[in-house]
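In my numbering, the protein residues as written are 4 to 331.
Glycine included, each C-beta is placed from N, C-alpha and C at the ideal position.
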Ligand code: BTN
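Here it is as structure tokens:
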């Protein structure tokens with residue numbers, strides 16, 4: 004552990020209590036100057052640390068700083084040792100960055116996380132709104148040894164991973180909208196974009212970059228008008244009841260993805276995926292389809308396809324694309 008990590012750990016363990024630089028230095032066996040530098044660096048990262056002359060340093064409660072140390076705190080082995088986390092304050096897109104690294108032979112389980120994205124990518128060439136400090140924008144590099152037609156299951160296992168993580172940390176109910184959106188209270192809180200490269204020689208994926216964007220808190224300037232009716236955040240306003248919320252949810256998502264990735268070829272997570280599906284029994288419309296027919300959703304099949312019924316009674320299985328519950 005670096006001096007910075009040790010100082011943070013000590014301040015976290017003594018939240019609300021002032022500890023002098025001298026005291027911390029003595030316990031850690033480092034100089035007072037090293038402690039001062041560590042505190043300065045933590046403050047630069049966004050930690051609120053009160054420094055009172057003669058009394059020392061004290062970590063202010065309810066920090067929600069996204070940091071590698073903070074995420075690591077909630078990870079357990081073997082995941083903790085396997086993942087390689089990289090954090091950016093601002094980046095264009097974590098998916099774009101990780102795809103570059105994947106092409107340059109970066110190993111599986113490299114994870115790029117950002118506080119803010121300037122060109123967050125969504126499905127169907129849309130932008131993913133990624134303002135600072137209120138969300139989690141993360142991409143995970145995977146090199147699955149499954150046939151390329153199994154790629155869709157990377158997205159479905161990620162959807163289950165996120166839905167369960169949100170529920171475990173916050174207690175808030177989540178549902179999955181086929182194929183890869185997570186909803187709370189009938190509005191979208193998370194989108195998933197998996198980008199992959201095919202190895203033609205063996206028909207397997209060379210890599211998959213699993214991109215996950217979660218709206219945790221309400222953005223400072225709220226959602227833009229075009230998103231207000233369809234997107235929301237998990238936590239209303241700036242509620243800070245759950246400490247280290249973003250670190251906790253990030254770690255829980257990573258742990259779940261790791262767990263379900265081991266079951267990728269057996270698709271065991273599909274039972275949970277189906278249980279959480281918010282579309283079964285509903286009428287939906289295919290996004291981008293000129294034929295505005297309402298289709299009734301019957302089920303989700305074993306290939307993660309959406310089985311729908313046309314007005315004339317014929318059934319069809321949709322294997323990709325997007326559906327909307329409201330007419331467009
Ligand atoms: C969608 O809802 O259309 C998918 C959104 C995926 C957004 C995430 S945020 C992290 C990663 N980096 C990106 O540029 N996009 C994904």
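> Among residues of its own chain, excluding the 5 on either side of residue 31, which ones have a beta-carbon nearer than 6 angstroms to its beta-carbon?
Replying inline: For this step, residue 31 is matched to residue 28 along the chain shown. Once the five neighbours on either side are set aside, the close Cβ partners of residue 31 are 9.
> Got a sec, what are the start and stop residues for the alpha helix (DSSP H) residue 203 sits in?
Replying inline: Here residue 203 refers to the residue found at position 200 of the chain shown. That residue, residue 203, is in no alpha helix (DSSP H); it is neither H nor E in DSSP.
> Buried or exposed: residue 222, going by 16 or more other Cβ atoms within 10 Å of its Cβ?
Replying inline: The sequence position of residue 222 within the chain shown is 219, counting from 1. With 16 or more other Cβ atoms within 10 Å, it is buried.
>> Tell me which residues share the same chain as residue 83 and place their Cβ nearer than 8 angstroms to its Cβ, disregarding the 5 neighbours each side in the sequence.
In response: As a first step, residue 83 must be located in the chain shown, where it is residue number 80. If the five residues before and after residue 83 are omitted, its C-beta is found closer than 8 angstroms to the C-beta atoms of 75, all from its own chain and listed in chain order.
> Cα separation between residue 16 and residue 270?
Replying inline: Along the chain shown, one-based indexing puts residue 16 at 13. Along the chain shown, one-based indexing puts residue 270 at 267. Cα atoms of residue 16 and residue 270: separation of roughly 41 angstroms, rounded to the nearest angstrom.
> Helix, strand or coil: which one does DSSP assign to residue 346?
Replying inline: Outside the displayed range of the chain (4 to 331) lies residue 346, so it cannot be described from this structure.
>> Pop quiz: residue 166 and residue 185 are said to be a contact at Cβ under 8 angstroms. What is the actual Cβ separation, rounded to whole angstroms?
In response: Taking the chain shown and counting its residues from 1, the one referred to as residue 166 is at position 163. Taking the chain shown and counting its residues from 1, the one referred to as residue 185 is at position 182. Confirmed, about 5 angstroms.
> From which residue to which residue does the beta strand (DSSP E) around residue 289 run?
Replying inline: As a position in the chain shown, residue 289 is number 286, starting the count at 1. Bounds of the beta strand (DSSP E) holding residue 289 are 286-289.
> Can residue 67 and residue 248 be called in contact, C-beta distance under 8 angstroms?
Replying inline: Your numbering for residue 67 matches position 64 in the chain shown. Your numbering for residue 248 matches position 245 in the chain shown. The Cβ-Cβ distance between residue 67 and residue 248 falls below 8 angstroms.
> Helix or strand or just coil, what does DSSP make of residue 32?
Replying inline: Residue mapping note: residue 32 aligns to position 29 of the chain shown, counting from 1. Of the three classes helix, strand and coil, the one that applies to residue 32 here is coil, per DSSP.
> Excluding five sequence neighbours on each side, which residues of the same chain lie with their C-beta closer than 6 angstroms to the C-beta of residue 183?
Replying inline: What you label residue 183 is simply residue 180 of the chain shown in a count that begins at 1. For residue 183, where only same-chain residues beyond five positions count, the Cβ hits under 6 angstroms are 158, 162 and 195.
>> Contact between the stretch 198-207 and the stretch 174-182 is defined here as three or more beta-carbon pairs at a separation below 8 angstroms; is this criterion met?
In response: These segments do not touch.
>> Since residue 100 and residue 115 should fall inside the 8 angstroms C-beta cutoff, what is the C-beta to C-beta distance between them, to a whole number of angstroms?
In response: Residue numbering aside, residue 100 sits at position 97 when the chain shown is read from its first letter. Residue numbering aside, residue 115 sits at position 112 when the chain shown is read from its first letter. Rounded, the Cβ-Cβ distance is 5 angstroms, consistent with contact.
> residue 209: which of 70, 148, 130 and 273 sits nearest, CA to CA?
Replying inline: Stepping through the chain shown from its first residue, residue 209 is reached at position 206. Closest option to residue 209, judged by alpha-carbon separation, among 70, 148, 130 and 273: 148.
> Which residues in the same chain have their Cβ closer than 6 angstroms to the Cβ of residue 33, if we skip the five residues on either side of it in sequence?
Replying inline: Walking along the chain shown from the start, residue 33 turns up at place 30. If we look at residue 33 and ignore the five residues flanking it on each side, its Cβ neighbours are 6.
> For residue 142, is the beta carbon positioned less than 7 angstroms from some heavy atom of the ligand BTN?
Replying inline: Numbered from its first residue, the chain shown carries residue 142 at position 139. Under cutoff, so the answer is yes.
> Can you name the start and end residues of the beta strand (DSSP E) that residue 117 belongs to?
Replying inline: Counting from 1 along the chain shown, the entry for residue 117 is found at position 114. Where residue 117 is concerned, the enclosing beta strand (DSSP E) stretches over 113-120.
>> Using a 10 Å radius around the Cβ and a threshold of 16 neighbouring Cβ atoms, would you call residue 330 buried or exposed?
In response: Here the question's residue 330 lines up with position 327 in the chain shown. Residue 330 comes out exposed.
>> If I follow the unbroken alpha helix (DSSP H) through residue 164, where does it start and stop?
In response: As a working note, residue 164 is residue 161 in the chain shown. Looking at the DSSP string, the run of the alpha helix (DSSP H) that includes residue 164 is 155-173.
> Relative to the C-alpha of residue 327, which residue among 311, 20 and 289 is closest?
Replying inline: Working through the chain shown from its first residue, we reach residue 327 at position 324. The shortest CA-to-CA distance from residue 327 to any of 311, 20 and 289 is the one to 289.
> On the premise that residue 211 lies in contact with residue 355, defined as a C-beta separation below 8 angstroms, what is that separation, rounded to the nearest angstrom?
Replying inline: Since the displayed the chain opens at 4 and closes at 331, residue 355 lies outside it and no answer follows.
> Where does residue 86 sit, in a helix, a strand or coil, going by DSSP?
Replying inline: The sequence position of residue 86 within the chain shown is 83, counting from 1. Judged by DSSP in its simplified three-state form, residue 86 adopts coil rather than helix or strand.
>> Here's a check: name, in chain order, each residue in its chain whose Cβ is nearer than 6 angstroms to the Cβ of residue 14, leaving out the five neighbours to either side.
In response: Counting from 1 along the chain shown, the entry for residue 14 is found at position 11. Around residue 14: 62.
> According to DSSP, is residue 234 helix, strand or coil?
Replying inline: Indexing the chain shown from 1 puts residue 234 at position 231. Residue 234 falls in the strand class under three-state DSSP.
> Does the distance from the CB of residue 77 to the CB of residue 250 come in under 8 angstroms?
Replying inline: Here residue 77 corresponds to residue number 74 of the chain shown, with the count starting at 1. Here residue 250 corresponds to residue number 247 of the chain shown, with the count starting at 1. Yes. Within cutoff.
> Got a sec: does the ligand BTN put a non-hydrogen atom nearer than 7 angstroms to the Cβ of residue 131?
Replying inline: Residue mapping note: residue 131 aligns to position 128 of the chain shown, counting from 1. Taking 7 angstroms as the cut-off, the C-beta of residue 131 counts as close to a heavy atom of the ligand BTN.
> Roughly how many angstroms lie between the CA atoms of residue 169 and residue 259, to the nearest whole one?
Replying inline: As a first step, residue 169 is located in the chain shown; it is residue number 166 there, counting from the start. As a first step, residue 259 is located in the chain shown; it is residue number 256 there, counting from the start. When only Cα atoms are considered, residue 169 and residue 259 end up about 11 angstroms apart.
> Who does residue 59 pair with in a DSSP beta bridge?
Replying inline: The sequence position of residue 59 within the chain shown is 56, counting from 1. Partner residues in the beta bridge of residue 59, as assigned by DSSP, are 55.
> Measuring from the CB of residue 97, is there a heavy atom of the ligand BTN at a distance below 7 angstroms?
Replying inline: The residue labelled residue 97 in the question sits at position 94 within the chain shown. Yes, the Cβ of residue 97 comes within 7 angstroms of a heavy atom of the ligand BTN.
>> According to DSSP, is residue 13 part of a helix, a strand, or is it coil?
In response: Position 10 of the chain shown holds residue 13. Of the three classes helix, strand and coil, the one that applies to residue 13 here is helix, per DSSP.
> How is the beta strand (DSSP E) around residue 144 delimited, first residue to last?
Replying inline: Residue numbering aside, residue 144 sits at position 141 when the chain shown is read from its first letter. Here the beta strand (DSSP E) through residue 144 covers 138-145.
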